[in-house]
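Student: Residue numbers (my numbering): 1 to 366.
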């Protein structure tokens with residue numbers, strides 16, 4: 001009986017242990033579920049907060065877009081207003097300019113000399129009692145317009161006008177206008193300025209812009225087209241060489257002259273002249289440019305035997321310096337190059353039975 005009682009007590013204890021364990025496990029499970037639920041609630045709360053922030057940012061972005069659109073519209077409107085104002089100002093300015101131009105054209109017509117049909121470039125400008133102008137070169141005893149006595153009346157207004165208007169270049173093919181203080185400088189280097197043909201026997205005076213056409217179609221030049229000349233200072237390039245026969249020269253009271261040779265060097269044209277005057281032979285290189293432009297070049301000329309180079313010739317005469325300008329006086333050009341006396345040339349010419357000689361030259365831009 002005691003054993004059975006002890007067994008029953010033991011069984012009861014075991015049951016209590018299992019019940020207690022189950023209760024503990026159930027309690028733990030409940031706690032775990034509570035924690036998970038709390039975490040889930042916290043997570044949902046955070047998601048709601050992020051969503052609210054995103055919605056706020058989207059709202060701000062939309063507001064910014066609207067503000068940008070408003071600013072763009074204002075800027076476009078401002079730009080449109082400015083363009084209209086500028087267009088209006090341009091129109092007003094053009095109207096003023098046209099009006100002033102019309103006034104100046106009328107004034108220019110009034111000061112134009114009725115005799116030479118040119119606008120004076122300097123005073124005095126004479127005026128008759130009836131107000132008609134005449135330039136100082138054309139002034140005579142009576143007014144060329146109304147025939148009254150001219151007397152010595154001078155117009156200060158006319159001088160003021162001619163000092164403040166643009167004048168056209170005097171050369172035929174030039175259509176440019178300049179202020180009076182710049183006109184002289186332009187005409188000294190105008191590409192249409194009048195020059196003399198460089199050949200001694202040709203008396204033609206022609207616009208510089210037409211001189212190449214003249215040389216190509218006249219007997220002044222030995223060639224109808226220019227010879228392209230290369231830089232002799234470069235390795236492998238030889239000096240240019242021209243041969244002359246005494247029998248090929250033309251004679252006149254001013255001496256003996258050979259046809260000129262025409263060359264091109266880059267954008268520049270030049271001619272080589274050979275002339276015998278009294279007891280001297282003259283060789284010149286004339287560049288079809290202004291005196292200032294010629295200072296940018298150096299030349300070398302060598303006269304030597306016909307069948308040899310300047311290095312192999314027994315007798316040689318040399319010159320180094322600057323080319324002369326087409327603007328130089330025609331009679332002075334022969335002194336601006338190589339000059340050899342008759343006896344020196346005879347030593348060169350007698351080496352060849354044809355009485356011939358050669359001229360070698362080089363041109364280098366500084």
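Heads up, the beta-carbon is just placed ideally off N, CA and C, and yes, glycines get one too.
#1: Let me confirm a value: residue 288 is counted as buried when at least 16 other C-beta atoms fall within 10 Å, else exposed. Which label applies?
#2: Smallest Cα separation from residue 329: which of 342, 286 and 365?
#3: Roughly how many angstroms lie between the CA atoms of residue 188 and residue 200, to the nearest whole one?
#4: Smallest Cα separation from residue 362: which of 299, 355 and 337?
#5: What do you get for residue 257, buried or exposed, if any count of 16 or more other CB atoms within 10 angstroms of its CB means buried?
#6: Quick one: what's got a C-beta closer than 6 Å to residue 9's C-beta in the same chain, skipping five residues either side?
#7: Can you tell me which of the three DSSP states residue 59 falls into?
#8: I need the DSSP call for residue 164, collapsed to helix, strand or coil.
#9: What residues in its chain sit with their C-beta under 6 Å from that of residue 206, if we drop five residues either side in the sequence?
#10: Since residue 126 and residue 154 should fall inside the 8 Å C-beta cutoff, what is the C-beta to C-beta distance between them, to a whole number of angstroms?
#11: Can you pull the DSSP bridge partners for residue 274?
#12: Excluding five sequence neighbours on each side, which residues of the same chain lie with their C-beta closer than 6 Å to the C-beta of residue 100?
#13: Kindly list the residues whose CB is nearer than 8 Å to the CB of residue 261, restricted to its own chain and excluding five residues on each side of it in sequence; keep chain order.
#14: Determine the direct distance from the alpha carbon of residue 136 to that of residue 323, and round the result to whole angstroms.
#15: Excluding five sequence neighbours on each side, which residues of the same chain lie with their C-beta closer than 6 Å to the C-beta of residue 310?
#16: Could you pull out every residue in the same chain whose Cβ sits closer than 6 Å to the Cβ of residue 355, ignoring the five residues on either side in sequence?
#17: List the residues that DSSP assigns as beta-bridge partners of residue 299.
#18: In whole angstroms, give me the CA-to-CA distance for residue 123 and residue 336.
#19: Where does residue 345 land, buried or exposed, given buried means 16+ other C-beta within 10 angstroms?
#20: Taking its Cβ as the centre, do 16 or more other Cβ atoms sit within 10 Å of residue 116, making it buried, or is it exposed?
#21: According to the neighbour-count rule (16 or more other Cβ atoms, all chains shown, within 10 Å of its Cβ), is residue 81 buried or exposed?
#22: In terms of residues, what are the limits of the beta strand (DSSP E) holding residue 216?
#23: Quick one: residues in its chain with C-beta nearer than 6 Å to the C-beta of residue 265, no 5 flanking neighbours on either side, listed in chain order?
#24: Mind checking which residues open and close the alpha helix (DSSP H) that includes residue 349?
#25: Please work out which residues of its chain come closer than 7 Å, Cβ to Cβ, to residue 161, disregarding the five sequence neighbours upstream and downstream, and give them in chain order.
#26: Taking all protein chains shown into account, do 16 or more other C-beta atoms lie within 10 angstroms of the C-beta of residue 340, making it buried, or fewer, making it exposed?
#27: If you compare alpha carbons, which of 65, 186 and 103 is closest to residue 165?
#28: Which whole-angstrom value is the C-beta distance of residue 128 and residue 146, which I expect to be below 8 Å?
#29: Please report how far the alpha carbon of residue 307 lies from the alpha carbon of residue 208, in whole angstroms.
#30: Just to check my reading of the structure: residue 276 and residue 255 have Cβ atoms closer than 8 Å, yes? What is that Cβ distance to the nearest angstrom?
#31: For residue 320, tell me which candidate among 59, 331, 326 and 297 has the shortest Cα-Cα distance.
#32: Using the beta-carbon count (16 or more within 10 Å), is residue 281 buried or exposed?
#33: So which of 314, 140 and 326 has the shortest CA-CA distance to residue 347?
#34: Can you tell me whether residue 118 is helix, strand or coil according to DSSP?
#35: Among 219, 358, 138 and 192, which residue has its Cα nearest to the Cα of residue 210?
Tutor: By the coordinates alone:
#1: As a position in the chain shown, residue 288 is number 288, starting the count at 1. Residue 288 should be labelled buried.
#2: For the purposes of this step, residue 329 is identified with residue 329 of the chain shown, where counting begins at 1. The alpha carbon of residue 329 has as its nearest neighbour, out of 342, 286 and 365, the alpha carbon of 286.
#3: Translated into the one-based positions of the chain shown, residue 188 becomes position 188. Translated into the one-based positions of the chain shown, residue 200 becomes position 200. Within the model, the alpha-carbon separation for residue 188 versus residue 200 is close to 23 Å.
#4: Within the chain shown, numbered from 1, the residue matching residue 362 stands at position 362. Ranking 299, 355 and 337 by Cα distance to residue 362 puts 299 first.
#5: Here residue 257 is taken as the residue at index 257 of the chain shown, counted from 1. It counts as buried.
#6: Position 9 of the chain shown holds residue 9. Confidence in residue 9 is poor, its pLDDT being 49 and thus under 50, which makes the residue's placement unreliable; the coordinate value appears in the next sentence. Counting only Cβ-Cβ distances below 6 Å, and skipping sequence neighbours, we find nothing.
#7: Numbered from its first residue, the chain shown carries residue 59 at position 59. Residue state, collapsed to three classes: helix.
#8: For this step, residue 164 is matched to residue 164 along the chain shown. In the structure shown, residue 164 sits in coil (DSSP, three-state: anything other than H, G, I, E or B).
#9: Within the chain shown, numbered from 1, the residue matching residue 206 stands at position 206. Excluding residues within five positions, the ones whose Cβ falls inside 6 Å are 214.
#10: As a working note, residue 126 is residue 126 in the chain shown. As a working note, residue 154 is residue 154 in the chain shown. That belief holds up - the Cβ atoms of residue 126 and residue 154 are roughly 6 Å apart, short of 8 Å.
#11: The count along the chain shown starts at 1 and reaches residue 274 at position 274. Partner(s): 283.
#12: Numbered from its first residue, the chain shown carries residue 100 at position 100. Once the five neighbours on either side are set aside, residue 100 has no close Cβ partner at all.
#13: Along the chain shown, read from residue 1 onward, the residue named residue 261 stands at position 261. Same-chain partners within the cutoff: 221, 222, 223, 227, 242, 271 and 272.
#14: As a position in the chain shown, residue 323 is number 323, starting the count at 1. As a position in the chain shown, residue 136 is number 136, starting the count at 1. Taking the Cα positions, residue 323 is about 40 Å away from residue 136.
#15: Here residue 310 refers to the residue found at position 310 when the chain shown is read from its first residue. Its chain contains 302, 304, 316 and 360 as the residues whose beta carbon lies nearer than 6 Å to that of residue 310, once the 5 sequence neighbours on both sides are disregarded; these appear in chain order.
#16: For this step, residue 355 is matched to residue 355 along the chain shown. Answer for residue 355: 246 and 349, listed in chain order.
#17: As a working mapping, residue 299 is identified with position 299 in the chain shown. In the DSSP assignment, residue 299 forms a beta bridge with 321 and 363.
#18: The sequence position of residue 123 within the chain shown is 123, counting from 1. The sequence position of residue 336 within the chain shown is 336, counting from 1. Inter-residue distance for residue 123 and residue 336 is about 39 Å (C-alpha atoms, whole angstroms).
#19: As a first step, residue 345 is located in the chain shown; it is residue number 345 there, counting from the start. With 16 or more other Cβ atoms within 10 Å, it is buried.
#20: The residue given as residue 116 occupies position 116 in the chain shown. Exposed, because fewer than 16 other Cβ atoms sit within 10 Å of the Cβ of residue 116.
#21: In the chain shown, residue 81 corresponds to position 81, counting from 1. Flag for residue 81 reads exposed.
#22: Locating residue 216 in the chain shown gives position 216, counting from the first residue. For residue 216, no beta strand (DSSP E) encloses it; the enclosing alpha helix (DSSP H) starts and ends at 211–217.
#23: Working through the chain shown from its first residue, we reach residue 265 at position 265. 229 and 363, listed in sequence order.
#24: Translated into positions along the chain shown, residue 349 becomes position 349. 342–349 is the extent of the alpha helix (DSSP H) around residue 349.
#25: In the chain shown, counting from the first residue as 1, residue 161 sits at position 161. The residues are 107 and 111.
#26: Here residue 340 corresponds to residue number 340 of the chain shown, with the count starting at 1. With 16 or more other Cβ atoms inside 10 Å of its own Cβ, residue 340 counts as buried.
#27: Locating residue 165 in the chain shown gives position 165, where the first residue counts as 1. Per the Cα distances, 103.
#28: Position 128 of the chain shown holds residue 128. Position 146 of the chain shown holds residue 146. With a Cβ gap of about 6 Å, residue 128 and residue 146 count as contacting.
#29: Position 307 of the chain shown holds residue 307. Position 208 of the chain shown holds residue 208. Between the alpha carbons of residue 307 and residue 208 lies a distance of about 36 Å.
#30: Taking the chain shown and counting its residues from 1, one reaches residue 276 at position 276. Taking the chain shown and counting its residues from 1, one reaches residue 255 at position 255. Taking C-beta atoms under 8 Å as the contact rule, residue 276 and residue 255 qualify, at a distance of about 6 Å.
#31: Here the question's residue 320 lines up with position 320 in the chain shown. Ranking the options by Cα distance to residue 320, first place goes to 297.
#32: Within the chain shown, residue 281 is the residue found at index 281, counting from 1. By the 10 Å Cβ count, residue 281 comes out buried.
#33: Taking the chain shown and counting its residues from 1, one reaches residue 347 at position 347. Of the listed residues, the one whose Cα sits closest to residue 347 is 314.
#34: Within the chain shown, numbered from 1, the residue matching residue 118 stands at position 118. Here residue 118 sits in coil by DSSP.
#35: On the chain shown, residue 210 is found 210 positions in, with the first residue counted as 1. Cα-wise, what sits closest to residue 210 is 192.
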